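Down below is the structure, laid out as structure tokens.
Residue numbers (the working numbering): 134 to 397.
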């Protein structure tokens with residue numbers, strides 16, 4: 134793989150981490166229930182594995198919270214409370230940006246040499262495609278989209294009307310259509326944040342494992358860099374551009390084309 138000077142995991146001198154007895158704080162936060170999920174320090178396969186695992190766990194917790202907030206937003210859409218739906222979707226966007234920050238930290242704080250050592254000591258059947266957070270986000274995104282599309286239909290509008298240049302000229306009724314336009318903007322921001330994570334992840338893989346498109350023609354299939362699942366890393370290309378709300382992006386493109394033709 135590479136000639137890397139391995140660092141043995143040794144006991145770190147200094148005070149031990151002491152959780153202490155039961156407290157009201159822990160009854161609320163539940164840290165002592167989460168802590169056993171972390172690999173014991175004397176069983177770390179590499180000193181940086183604790184950081185590697187912590188950042189992944191924090192990302193999954195962000196995605197778990199996002200799933201909850203997006204479901205709440207869908208319920209608000211059904212009730213016609215578009216301002217509240219927008220607020221909850223914007224919260225999901227902020228949580229996703231936080232997940233992207235975790236990925237940035239992983240890239241910036243773990244060198245390629247240490248990353249490859251960690252990777253080499255993992256079981257080999259641990260693929261990021263098994264992430265429960267990522268799978269559930271895909272499902273809940275479709276759920277909120279269907280609720281959003283129903284809300285637009287109830288107002289007698291079309292998706293294009295929400296971009297301000299639609300052909301049906303539906304006038305806002307007590308702010309409903311303009312409220313839905315804000316929801317549409319929040320959904321696109323959420324999709325943008327999800328795309329950002331996928332693309333940062335792809336660049337991380339390129340910098341640590343290889344597989345950048347510029348070098349692919351130089352490798353035979355058998356020599357192509359692979360992920361933990363054993364599949365070529367270029368399969369990540371489709372995830373780096375996957376949209377959760379393609380209908381919005383399509384309408385944005387249609388509106389842009391319409392405006393370009395109008396001004397031309």
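Ideal Cβ positions, reconstructed from N, Cα and C, are used throughout, including at glycine.
Note that the structure is a prediction, hence the values are computed from the model and not measured.
Looking at the structure shown, is residue i part of a helix, part of a strand, or coil, going by DSSP?
i, result
"residue 155", "coil"
"residue 247", "helix"
"residue 329", "helix"
"residue 290", "coil"
"residue 222", "helix"
"residue 383", "helix"
"residue 378", "coil"
"residue 264", "coil"
"residue 191", "helix"
"residue 145", "coil"
"residue 215", "helix"
"residue 174", "helix"
"residue 239", "helix"
"residue 181", "coil"
"residue 228", "helix"
"residue 346", "helix"
Give the straight-line distance between the Cα atoms of residue i and residue j, rounded to the nearest whole angstrom.
i, j, result
"residue 161", "residue 390", "52 Å"
"residue 366", "residue 341", "11 Å"
"residue 249", "residue 222", "37 Å"
"residue 282", "residue 224", "21 Å"
"residue 214", "residue 320", "15 Å"
"residue 300", "residue 276", "No answer about residue 300 holds up, because its pLDDT of 48 lies below 50 and its placement is not dependable."
"residue 339", "residue 325", "21 Å"
"residue 253", "residue 288", "56 Å"
"residue 270", "residue 205", "13 Å"
"residue 163", "residue 328", "32 Å"
"residue 264", "residue 193", "8 Å"
"residue 174", "residue 333", "29 Å"
"residue 380", "residue 318", "13 Å"
"residue 387", "residue 297", "12 Å"
"residue 384", "residue 364", "35 Å"
"residue 190", "residue 184", "10 Å"
"residue 195", "residue 203", "12 Å"
"residue 154", "residue 147", "21 Å"
Excluding the 5 residues flanking residue i on each side, which residues of the same chain have their C-beta closer than 6 Å to its C-beta?
i, result
"residue 331", "372 and 373"
"residue 307", "Note on residue 307: pLDDT 46, under 50, position unreliable in the model; no value is reported."
"residue 358", "342, 343, 344 and 366"
"residue 182", "251"
Near residue i, which residues of its chain fall below 7 Å by C-beta distance, leaving aside the five closest residues on each side in sequence?
i, result
"residue 188", "235, 238 and 239"
"residue 280", "207, 210 and 211"
"residue 197", "266"
"residue 159", "165"
"residue 305", "Caution is warranted here: a pLDDT of 48 is assigned to residue 305, below 50, making its placement in the model unreliable, and no coordinate value can be reported."
Which partner residues does residue i have in the DSSP bridge list?
i, result
"residue 365", "359"
Label residue i either buried or exposed according to how many other C-beta atoms from any shown protein chain fall within 10 Å of its C-beta, with 16 as the threshold for buried.
i, result
"residue 171", "exposed"
"residue 119", "Here the chain covers residues 134 to 397 and nothing more, so residue 119 does not appear."
"residue 286", "exposed"
"residue 176", "exposed"
"residue 255", "exposed"
"residue 199", "buried"
"residue 152", "exposed"
"residue 233", "buried"
"residue 348", "exposed"
"residue 219", "buried"
"residue 356", "exposed"
"residue 344", "buried"
"residue 229", "buried"
"residue 273", "buried"
"residue 295", "buried"
"residue 247", "buried"
"residue 80", "There is no way to answer for residue 80, as the model of the chain reaches only from 134 to 397."
Measuring only between beta-carbons, confirm whether residue i sits less than 8 Å from chain D.
i, result
"residue 160", "You won't find chain D in this structure, because it holds only one protein chain."
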